[in-house]
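Written below as structure tokens is the structure these notes are about.
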Ligand code: NAD
């Protein structure tokens, strides 16, 4: 049986090469509009996206009856309308493993950038200013790091922080195997203990009802002064308006805030990004060559499994498929 896959967004070449090596016809359609995808959706057994292309209800119903699966090269699948996919009998799957190390490394990079004010020092140097006195920094050594969310990325981030001689606290009420060898040296604590004892707090939870606005003004008030707060997870886990209020009214609260993700991407208001205590990146946690190759190959392998063997690895909506 022959299969045809539409590859939207710039999915790494290695993935597409893998599909072709399995005899699957691939159409690469980077940057197409919704209407353009709607016009062609009915020809494909599968669609692969990264984060740019939105898979809307219109696209999904246009894909019926041929379209079986939509694959997201990466973790977050907020750009795919999962409800509409389920209604149209389309399985949605992600490839959650490939970007773990890259995101962990970015969280650590942000913590170090803030500790040594690297972003601020570089901005001054680029104005030809040699301002040594403004850049007294802090060591990460010996500090307490609080990891919120002890999943794939949280664990890898904590492990790496441990190597810098830190005490690592972890809050994750759903982590069942606290004896896991990967977590050796982590202390599992409750949320309030983590918030009140950490010098560096790094968020690694999914965005859910429970985690939306998890970091708000009330929580920020309980943090230590000179805390570093990092969010490489999802926008909205920190309440941005309340974070901005804290940054503006509590000058001693933060050493700095590292943000890779935002409530709106790109931000509608840039006040947070422009705050001098904030070191910001444009949602690039998974944007490394290594991660992109891994997630692309992984999702393409899963697509082949799904089309040829009806085996839907990392499916997120199998229990909700309507037909
Ligand atoms: P994961 O599912 O492996 O881990 C998430 C952990 O959070 C789980 O252990 C879960 O038990 C825990 N958790 C869930 N709700 C919680 C709560 N209310 N309080 C505390 N812990 C809770 O996910 P992951 O692959 O480690 O991804 C973590 C986050 O990173 C996700 O938000 C993901 O979307 C994000 N991410 C960001 C980028 C980026 O480019 N910045 C790339 C990949 C993933």
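Numbering (my numbering), first residue to last: 9 to 331.
Note that the Cβ used here is the ideal one computed from N, Cα and C, for glycine as well.
None of these values were measured; they are calculated from a predicted model.
- Residue 154 sits buried, since 16 or more C-beta atoms from the chains shown fall within 10 Å of its C-beta.
- Between residue 46 and residue 67, the beta carbon gap of about 6 Å places them in contact (Cβ cut-off 8 Å).
- DSSP, read as helix, strand or coil, puts residue 282 in helix.
- In this structure, residue 106 keeps its C-beta atom at 9 Å or more from the C-beta atom of residue 79.
- Spanning the alpha carbons of residue 151 and residue 15 requires a straight line of approximately 45 Å.
- Exposed is the label assigned to residue 29, since fewer than 16 other Cβ atoms lie within 10 Å of its Cβ.
- DSSP places residue 270 in the coil class of the three-state scheme, outside both helix and strand.
- Taking a C-beta distance under 9 Å as the contact criterion, residue 161 and residue 92 do not qualify as a contact pair.
- The bridge partners DSSP lists for residue 152 are 175.
- Secondary structure in the region 239-270: the alpha helix (DSSP H) runs of 4 residues or longer, each lying completely within the stretch, are 248-257 in chain order.
- Residue 112 and residue 258 have their C-alpha atoms some 28 Å from each other.
- Cβ-Cβ distances below 8 Å link residue 253 to 225 in the same chain, with the five nearest sequence neighbours on each side left out; the list follows chain order.
- Within the model, the alpha-carbon separation for residue 125 versus residue 284 is close to 10 Å.
- Shown here, residue 309 sits in a helix according to DSSP, grouped into three states.
- Where residue 80 is concerned, the enclosing beta strand (DSSP E) starts and stops at 77-80.
- Annotation for residue 118: the continuous alpha helix (DSSP H) segment containing it runs 108-124.
- In terms of CA proximity to residue 19, 60 leads the group 10, 60 and 12.
- Residue 169 and residue 177 have their alpha carbons spaced roughly 11 Å apart.
- In the three-state DSSP reduction, residue 10 falls in the coil class, being neither helix nor strand.
- Taking 8 Å as the cut-off, one finds at least one heavy atom of the ligand NAD near enough to the beta carbon of residue 180.
- Between the ligand NAD and the CB of residue 84, the shortest heavy atom gap is smaller than 8 Å.
- Here residue 269 has 239, 240, 241, 242, 243 and 291 as same chain residues with Cβ atoms under 7 Å from its own Cβ, once five neighbours each way along the sequence are excluded.
- Distance check between residue 143 and each of 129, 196 and 69 places 129 closest, using alpha-carbon atoms only.
- Taking C-beta atoms under 8 Å as the contact rule, residue 63 and residue 55 qualify, at a distance of about 7 Å.
- Residue range 54-57 is occupied by the beta strand (DSSP E) that includes residue 54, with no alpha helix (DSSP H) assigned at that position.
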